[in-house]
Amino acid sequence: MTALPPAAEATQISDLEPNALSAYNVCLAFEHDAKTEKDVVRARLLGYLILHAPSLDALHEVVRVIHSCSDDYNTLSDLGECFINVFIRPFKKYKGRTPDYSEYSSHRSLIKDKMDLMTAIQEASKDHKEAKIQALIRDGFKCVVTGKYDIEAVRIPSIDKAEIRRVRAIHTECAHIVPESTFFDVSRTSSPEKKDYAASLLAVLKRFGYDVEKLNDAKMHSLYNVMTMQKDVREWFDRLEMWFEATTVENCYRVKTFDEFNEYLDIPAAVTLTSSNPTTLPLPSPELLALHAACAKVAHLSGAGAYIDELDGDLEDLDVLADDGGSADVLNHALSRLMTDSVNVGAKCCYDAAPM
4 MTALPPAAEA TQISDLEPNA LSAYNVCLAF EHDAKTEKDV VRARLLGYLI LHAPSLDALH
64 EVVRVIHSCS DDYNTLSDLG ECFINVFIRP FKKYKGRTPD YSEYSSHRSL IKDKMDLMTA
124 IQEASKDHKE AKIQALIRDG FKCVVTGKYD IEAVRIPSID KAEIRRVRAI HTECAHIVPE
184 STFFDVSRTS SPEKKDYAAS LLAVLKRFGY DVEKLNDAKM HSLYNVMTMQ KDVREWFDRL
244 EMWFEATTVE NCYRVKTFDE FNEYLDIPAA VTLTSSNPTT LPLPSPELLA LHAACAKVAH
304 LSGAGAYIDE LDGDLEDLDV LADDGGSADV LNHALSRLMT DSVNVGAKCC YDAAPM
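Residues 4 to 359 (our numbering) make up the sequence shown, in order.
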């Protein structure tokens, strides 16, 4: 967790419009006056969302909702918690509870988006396997990060076996940039909480300028949203411990991790994404990769990612509830997690819910 940089020292601040700068100063004041560690995390999350917004639309939305809180720290705290729940948590593996994000939903401009999306959400299509196959073909049967071949490449006559022996073969998985659990197990018969949670997540993405229809139903498994990764690399990516940072070269990305991990991970400094057939097998969306990268950076810098991990760890270790109510956060995390564990799936997921 890293303190928000002073406005005079943050290099990104000089590029902000006055309205964004004033919103950032609100976050600095909230951080300075925060009475609890959780509020420090929430204040920093809002500030880092301004500094690392994935798009101009996202920046404008974050600035707007911060100003709508009218410098009220309780409302800002609720807003920060909401962004943890509908921005960080959905992208981070081992998600816990379906949260109460009514605070953010109360903003009038979001309500209509959410209600429209509630009726449009469709269950994820049963084609994860097909997405993996298409991604494997596009990515040359290799992990896009390490370049190691999927073991199935051994059976492909056109692939040089000497090259496979040189770089080695492993089992790969299909990694989604926007997690498929956004739609998994959401159906006509799903609980209102599940539908409401998915709708709120999509409403936020829509307010951030993303075309959510490109992620609905079978489109969740579009090649724009998937990549081939070996198991440990996918784990880092899904846990927001690794992300792709765009460079000035088209389709070339710096592979970023937490600084303390860099020297211990066998990953390259940069990768260039390529397709075996760009016309029919498109590359992952730069916009979605920027969204994932923003989420990872904000989660790490603000401490929100560690906060979620701590709740998950406390849940695993919890044997007896504290008499003084000290276990309230963990209990809330656990009770709601019962409802959302069904979306917390790995590569071999299946889709059993009825169509919407």
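Built from N, CA and C at the ideal position, the CB exists for glycine as well. Since this is a predicted model, take the numbers as computed values, not measurements.
From the options, residue whose alpha carbon lies closest to that of residue i
i                 : options                           : result
alanine 302       : Phe264, Asp269 and Leu48          : Leu48
proline 289       : Val252, Lys300 and Arg237         : Val252
serine 80         : Val147, Asp60, Ala46 and Lys234   : Ala46
glycine 50        : Ser305, Asp312 and Glu313         : Ser305
glutamine 137     : Leu314, Pro281, Leu292 and Leu82  : Pro281
alanine 272       : Thr260, Val65, Ser279 and Ser278  : Thr260
glycine 308       : Leu292, Ile69, Lys151 and Phe94   : Phe94
histidine 70      : Asn22, Phe247 and Glu40           : Asn22
lysine 135        : Val274, Tyr310, Thr39 and Leu284  : Leu284
alanine 56        : Asp312, Leu19 and Lys151          : Leu19
alanine 296       : Ala249, Ser161 and Glu34          : Ala249
asparagine 254    : Val236, Trp246, Asp262 and Leu276 : Leu276
phenylalanine 247 : Lys300, Leu204 and Glu263         : Lys300
cysteine 298      : Gly212, Glu34, Val89 and Ser161   : Val89
arginine 168      : Ser25, Tyr152 and Thr5            : Tyr152
aspartate 36      : Leu59, Ser25, Tyr76 and Cys72     : Tyr76
isoleucine 311    : Val44, Leu7, Ala10 and His63      : Val44
valine 236        : Ala201, Ile140, Lys96 and Val66   : Lys96
alanine 172       : Lys222, Ile159 and Lys132         : Ile159
serine 161        : Ser279, Leu294, Ser25 and Leu291  : Ser279
glutamate 263     : Val274, Met245, Tyr256 and Glu183 : Met245
leucine 314       : Asp130, Tyr227, Leu226 and Lys41  : Lys41
arginine 92       : Leu139, Tyr200, Glu216 and Ala156 : Tyr200
histidine 131     : Gln15, Asp74, Lys222 and Glu12    : Lys222
methionine 4      : Glu34, Lys164 and Ile140          : Glu34
leucine 204       : Phe86, Ile16, Asp74 and Val68     : Phe86
arginine 361      : Ala61, Val66, Ala293 and Thr78    : With the chain covering 4 to 359 only, the question about residue 361 has no answer from this structure.
serine 225        : Arg141, Val170 and Glu155         : Arg141
In DSSP terms, what residue i is bridged to
i             : result
aspartate 247 : Correcting the residue identity first, residue 247 is phenylalanine in this sequence and not aspartate. According to DSSP, phenylalanine 247 bridges with Val258.
glutamate 176 : Met232
aspartate 241 : Bridge partners of aspartate 241: none, in fact.
tyrosine 152  : Lys145 and Ala172
N- and C-terminal bounds of the alpha helix (DSSP H) containing residue i
i             : result
alanine 165   : 164 to 170
asparagine 77 : 76 to 86
Enclosing beta strand (DSSP E) for residue i [first to last residue]
i             : result
glutamine 233 : 229 to 233
Any non-hydrogen atom of the ligand NAD closer than 7 Å to residue i Cβ
i          : result
lysine 132 : By its list of ligands, the structure shown contains no ligand whatsoever, and the ligand NAD lies outside what it can speak to.
Just list the alpha helix (DSSP H) runs in the region 28 to 60, keeping only unbroken ones of 4 residues or longer that don't cross its boundaries, in chain order. 40 to 54
Pair every Cβ in the region 232 to 245 with every Cβ in the region 171 to 179, then say whether three or more of these pairs are closer than 8 Å. yes
Would you call the region 143 to 152 and the region 219 to 238 touching, i.e. three or more CB-CB distances under 8 Å? By the Cβ test, the region 143 to 152 is in contact with the region 219 to 238, since at least three Cβ pairs between them sit closer than 8 Å.
Three or more C-beta pairs closer than 8 Å, one from the region 261 to 270 and one from the region 205 to 219: is that the case here? The answer is no - the region 205 to 219 does not touch the region 261 to 270, with fewer than three Cβ pairs under 8 Å.
Between the region 21 to 30 and the region 49 to 69, can you find at least three pairs of beta-carbon atoms closer than 8 Å? yes
Residue ranges of each beta strand (DSSP E) run of no fewer than 3 residues wholly in the region 268 to 322, ordered along the chain? Correct list: 273 to 275.
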